[in-house]
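These notes concern the structure reproduced below.
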Amino acid sequence: LSLELLVRAVIGPAVGAGQEREVSAALRSYLASSGPSVLRLLSVLEASLRWYLGWRGAPGNPEVAEAELDRVARRLYEKPYLREAVEGIKALVLLVWGANEYAEEIKEAALRNPPSRPDPELNLVPAGQAQAVLAADVVVVGSGAGGAVAAREFARAGYEVAILEEGQRYGVEYFRNEHPLERWRSLYVGGGINVCLGRPPIVLPVGRGVGGTTLVNSGTCYRPPGRVLRKWVHGFGIEVADPAEIGPYLEEIEKLLCVQPVPLGVMGRNGRTLLEGASRLGWKAGPLLRNAAGCDGCCQCALGCPHNAKMGVHLSVLPDACAQGAVIYTGARAETILMRGRRADGVFFVDESGLRRFVRARAAVVVAAGALSTPLLLRRSGLAAHPLVGRNLAIHPAVACAGFFQEAVYAWRGVLQSAAVEEFHESEGILMEATSTPPGMGSMLLPGIGSELSGWLRESHRLATLGAMVADAGVGRVLGRRRPVVVYQMRQAEAARLLRAIKRMGELLFAAGAREVVLGSPGTRPVSSPEELAAELNALAPSALHVAAFHPTGTCAAGASDQLPTDAWGFLRGTDNVMVLDGSILPSSPEVNPQVSIMALSMALARQAARRLGHG
Ligand SMILES: Cc1cc2nc3c(=O)[nH]c(=O)nc-3n(C[C@H](O)[C@H](O)[C@H](O)COP(=O)(O)OP(=O)(O)OC[C@H]3O[C@@H](n4cnc5c(N)ncnc54)[C@H](O)[C@@H]3O)c2cc1C
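Under the numbering used here, the residues of the sequence shown are numbered 5 to 620, in order.
Written out as structure tokens, the structure is:
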């Protein structure tokens with residue numbers, strides 16, 4: 005069954021004649037590999053819609069059919085109890101539609117300039133070609149922010165290092181030439197359909213591939229704020245987080261990643277709008293620091309950088325680890341850690357055909373599978389006896405807002421995440437950043453459905469888009485053994501912060517000259533003054549907020565107290581040689597984009613351990 009009717013119901017006349025067939029086919033193939041159960045559900049809905057329209061006698065007359073479909077879609081969308089489901093469908097359809105609609109523009113921008121640097125030499129071995137039994141001094145699971153840095157430290161200290169990475173290696177030609185939807189599907193766990201259970205449900209994508217989530221992240225580089233470091237030292241006993249101690253590691257990371265401020269010349273209108281609005285309001289703001297020297301503002305970070313400008317760890321850290329002898333096994337999913345008493349003996353992993361292999365670890369196993377997968381690996385290995393493994397999940401929830409301007413903004417022509425307002429960061433835990441998505445892929449922010457949504461889609465070049473993240477407590481939990489099931493029930497405190505964040509973003513957009521502001525949450529109306537904004541926000545229930553999150557941390561928190569699963573040196577309690585060195589060990593939200601915090605902690609703890617462990 006095709007999904008053409010459903011596609012048309014969601015985006016109405018924005019789909020040109022016959023285009024719904026293409027979008028429907030792309031949606032089906034995307035869901036067939038990433039969400040077969042969602043596909044089944046959508047097929048049932050499509051069949052019901054078909055039956056209903058047939059019953060109303062609509063197919064005989066295309067105009068009647070169009071109007072009837074629009075009416076049905078709007079009626080369903082207006083029902084508060086159906087809204088979450090309809091929003092989910094809308095988000096999926098818009099993702100696929102946007103990727104298709106702008107595929108050519110995305111490719112043109114990708115090919116506009118040659119890559120800043122070639123793909124580096126890495127020692128890569130597809131897991132299927134590895135021997136059945138291997139050995140190394142240190143086995144690192146995961147090649148993302150934490151794992152790559154740990155691997156480099158151990159390799160530089162003379163350890164033989166094997167990295168197991170579930171994903172593939174993606175090179176710059178893939179990012180330059182592949183269709184945006186395929187890039188999205190392959191670079192994210194579960195094809196990017198990862199949702200936390202709770203009210204509201206929260207989208208939580210994480211990356212997969214050599215380089216982990218740094219392959220698809222926005223490149224923003226924040227140091228952890230002093231107040232957070234003090235909490236980690238004095239509240240959790242992580243001595244290495246002392247500003248004087250961690251400082252040199254932060255500097256080293258920034259040097260490795262080539263961190264520098266976004267130049268105004270490539271920032272684009274979206275970032276400049278934030279800076280103009282903030283300056284009129286007297287708010288503290290500025291260009292972001294990023295690890296993307298040579299970025300030409302093609303706005304595709306979330307799909308892998310087609311210019312090799314963004315220095316994810318696959319370009320900045322892993323080449324050095326490999327030059328020191330580390331080997332990366334790709335398509336290698338770590339299944340269990342084999343324990344002998346308190347010592348890890350090695351790791352069983354499977355290749356893509358499901359064949360099992362074993363890599364012996366003479367000195368240590370480093371778990372760095374990311375905050376959603378690390379607890380699962382520990383659980384499968386019988387290492388999750390500590391009650392806090394999988395708990396204490398902070399996600400740094402985020403909301404978005406858009407301003408409608410008279411003149412064209414083209415938010416996606418410039419740096420994807422480019423400038424920030426820090427005025428409310430310390431006082432209210434709100435960090436606002438000018439963030440776009442690749443063209444067409446963020447349209448879920450737009451209000452309405454059917455013909456109403458169509459109108460907004462046609463005007464999307466006039467929108468400036470902002471995002472704001474708020475500091476949160478570790479109230480979430482990761483369940484499951486194979487696939488993460490994430491539960492995150494947002495507290496009142498964070499919901500109130502998110503509402504304040506929307507208010508601040510709206511005020512800024514009006515100050516920058518926006519005619520209207522779109523609040524980004526389903527059921528809200530666009531507003532045309534700060535007063536209307538305040539009134540609309542008063543009526544907005546926290547459970548109706550449209551929230552996304554990109555920064556999971558804390559599910560195997562480190563600290564001096566045995567109330568926490570990992571000790572202050574990064575060793576899993578109850579073991580002698582299993583370390584956890586990824587976002588999981590952050591004991592509380594870093595309150596900023598976390599990659600630099602994760603890398604600096606990983607570097608400091610791995611360097612200490614390399615001195616302590618001895619070579620097996
Ligand atoms: C869209 C997006 C934008 C972001 N933007 C920013 C930003 O601008 N700045 C910033 O600081 N942060 C950003 N982040 C977050 C940041 O990238 C992550 O916090 C960081 O990469 C997490 O590091 P990690 O080591 O914990 O895990 P990851 O980097 O996610 O690495 C984990 C790796 O482990 C692999 N793995 C998992 N399970 C297994 C297994 N069983 N066997 C083998 N391998 C396995 C995964 O495939 C993955 O490659 C962003 C995140 C997203 C999703």
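Note that CB positions come from ideal geometry on N, CA and C, so glycine has one too.
{"Asked": "Which residues DSSP lists as bridging residue 200, in chain order", "Found": "206"}
{"Asked": "Residue range of the alpha helix (DSSP H) that includes residue 56", "Found": "40-59"}
{"Asked": "C-beta atoms of residue 448 and residue 191 nearer than 8 Å", "Found": "no"}
{"Asked": "Residue 472 - containing beta strand (DSSP E), residue span", "Found": "467-474"}
{"Asked": "Alpha carbon of residue 249 to alpha carbon of residue 237, nearest angstrom", "Found": "11 Å"}
{"Asked": "Sequence-distant residues of its chain with Cβ nearer than 6 Å to residue 151 (five each side left out)", "Found": "144 and 372"}
{"Asked": "Local Cβ density within 10 Å of residue 85, reported as buried at 16 or more and exposed below that", "Found": "exposed"}
{"Asked": "Rounded straight-line distance, which links the Cα of residue 435 to that of residue 534", "Found": "20 Å"}
{"Asked": "Alpha helix (DSSP H) segment containing residue 251, residue limits", "Found": "247-260"}
{"Asked": "Whole runs of the beta strand (DSSP E) within the stretch 105-156, excluding any shorter than 3 residues", "Found": "128-130 and 137-145"}
{"Asked": "Rounded C-alpha distance that separates residue 40 from residue 187", "Found": "19 Å"}
{"Asked": "Residue 599 versus residue 7: straight-line alpha-carbon distance, rounded", "Found": "39 Å"}
{"Asked": "Any non-hydrogen atom of ligand 1 within 7 Å of residue 426 CB", "Found": "no"}
{"Asked": "Three-pair Cβ contact test at 8 Å for the stretch 313-333 versus the stretch 126-136", "Found": "yes"}
{"Asked": "8 Å contact criterion, which residue 334 and residue 169 should meet: CB distance rounded", "Found": "5 Å"}
{"Asked": "Member of 89, 407, 32 and 232 whose CA lies at the smallest distance from the CA of residue 601", "Found": "232"}
{"Asked": "Cβ contact check for the stretch 269-278 and the stretch 417-425: 3 or more pairs under 8 Å", "Found": "yes"}
{"Asked": "Residue 595: CB within 7 Å of a non-hydrogen atom of ligand 1", "Found": "no"}
{"Asked": "Residue closest to residue 508, alpha-carbon to alpha-carbon, out of 211, 437 and 557", "Found": "437"}
{"Asked": "Any non-hydrogen atom of ligand 1 closer than 7 Å to residue 223 Cβ", "Found": "yes"}
{"Asked": "Continuous beta strand (DSSP E) assignments of at least 3 residues falling wholly in the stretch 271-339", "Found": "289-291 and 331-334"}
{"Asked": "Secondary structure of residue 482, DSSP reduced to three states", "Found": "strand"}
{"Asked": "Burial state of residue 104 (16 or more Cβ within 10 Å)", "Found": "buried"}
{"Asked": "Cα-Cα separation between residue 80 and residue 597, rounded to whole angstroms", "Found": "37 Å"}
{"Asked": "Contacts around residue 18, its chain only, beta-carbon distance under 6 Å, and the 5 residues preceding and following it disregarded", "Found": "458 and 461"}
{"Asked": "Under the three-state DSSP convention, the category residue 241 falls into", "Found": "coil"}
{"Asked": "Reference residue 38; option with closest CA among 48, 89, 209 and 595", "Found": "209"}
{"Asked": "DSSP-derived helix/strand/coil call for residue 224", "Found": "strand"}
{"Asked": "Residue 402 beta carbon less than 8 Å from that of residue 220", "Found": "no"}
{"Asked": "Same chain, Cβ closer than 8 Å to residue 251, neighbours up to 5 away in sequence not counted", "Found": "none"}
{"Asked": "Close-in-space but distant-in-sequence residues of the same chain around residue 78 (CB under 7 Å, 5 per side omitted)", "Found": "453 and 454"}
{"Asked": "Neighbourhood of residue 146 by C-beta distance below 7 Å, restricted to the same chain and skipping five residues each side", "Found": "169, 216, 372, 373, 374 and 586"}
{"Asked": "Bridge partners - residue 360, DSSP secondary structure assignment", "Found": "354"}
{"Asked": "Among 110, 53 and 46, the one whose alpha carbon lies nearest that of residue 89", "Found": "46"}
{"Asked": "Beta-carbon spacing of residue 445, residue 194 below 8 Å", "Found": "no"}
{"Asked": "Residue 288 burial status per 10 Å Cβ neighbour count (16 or more: buried)", "Found": "exposed"}
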